[in-house]
Amino acid sequence: MDIISQLQEQVNSIAALAFNTFGTLQRDAPPVRLSPNYPEPPSQEPTEDSANIAEQPKLMSAALVKAAKQFDALVAALPLSDGGEEEQLKRIAELQAENDAVGQELQKQLQAAEKELIQVQELFSQVADNCLNLKKAD
Numbered sequence: 013m014d015i016i017s018q019l020q021e022q023v024n025s026i027a028a029l030a031f032n033t034f035g036t037l038q039r040d041a042p043p044v045r046l047s048p049n050y051p052e053p054p055s056q057e058p059t060e061d062s063a064n065i066a067e068q069p070k071l072m073s074a075a076l077v078k079a080a081k082q083f084d085a086l087v088a089a090l091p092l093s094d095g096g097e098e099e100q101l102k103r104i105a106e107l108q109a110e111n112d113a114v115g116q117e118l119q120k121q122l123q124a125a126e127k128e129l130i131q132v133q134e135l136f137s138q139v140a141d142n143c144l145n146l147k148k149a150d
């Protein structure tokens, strides 16, 4: 897999981890009193699950940091541009010219294929008419 695809995959991974982390934090957060006008939220007695719930944010944040570090490593592995901005603009112009030439060639091939398709359709129509005329003669 090329470096850009790896970067895209890593961004997707970071987004999924962040989504799951925030959702888990929201789901498992203990109730909090919003203002003095509201009654005190009911207290929850500690259970075995609460110890597990307390560890989840640490594990999830560690996974998120690890994914971010992997992303940074991939960015650092990107090749450096050679020759500066002028060289890049020159290379872009070359690639654009090559792309235009290939596009024109593909357009010619498409037109030739469309002409051939019309010929094949006409021949098929003639063959079908001939077959129908033969059956009528019987």
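13 is the number of the first residue of the sequence shown in this note's numbering; add one for each residue after it.
Ideal placement from N, C-alpha and C gives every residue a C-beta, glycine not left out.
The model shown is predicted, which means the values in this text are computed figures rather than measured ones.
Sequence-distant residues of its chain with Cβ nearer than 6 Å to residue i (five each side left out)
| i | result |
| --- | --- |
| K102 | none |
| R26 | The sequence as given places Ile at residue 26; Arg does not occur at that position. Hits under 6 Å: A79. |
Residue i to residue j span [Cα, whole Å]
| i | j | result |
| --- | --- | --- |
| A109 | E128 | 29 Å |
| L76 | E126 | 53 Å |
| L71 | P91 | 33 Å |
| L46 | A105 | 60 Å |
| K120 | T36 | 57 Å |
| Y50 | S17 | 51 Å |
Short CB-CB distance (under 8 Å) between residue i and chain D
| i | result |
| --- | --- |
| Q121 | Checking the listed chains, one finds no chain D in this structure; it contains a single protein chain. |
Cβ neighbours of residue i in the same chain (closer than 8 Å, five flanking residues each side left out)
| i | result |
| --- | --- |
| L22 | Contrary to the premise, residue 22 reads as Gln rather than Leu in this sequence. A79, Q82, F83, L86. |
| E99 | S93 |
Closest residue to residue i among the options (Cα-Cα distance)
| i | options | result |
| --- | --- | --- |
| L19 | Y50, L144, K120, A89 | A89 |
| A28 | G95, A113, I16, S73 | S73 |
| T33 | Q116, A113, P69 | P69 |
Beta-carbon proximity list for residue i, same chain, < 7 Å, skipping 5 on both sides
| i | result |
| --- | --- |
| F136 | none |
Three CB pairs or more closer than 8 Å across the stretch 63-73 and the stretch 35-45: The stretch 63-73, when compared against the stretch 35-45, does touch it at the 8 Å Cβ threshold.
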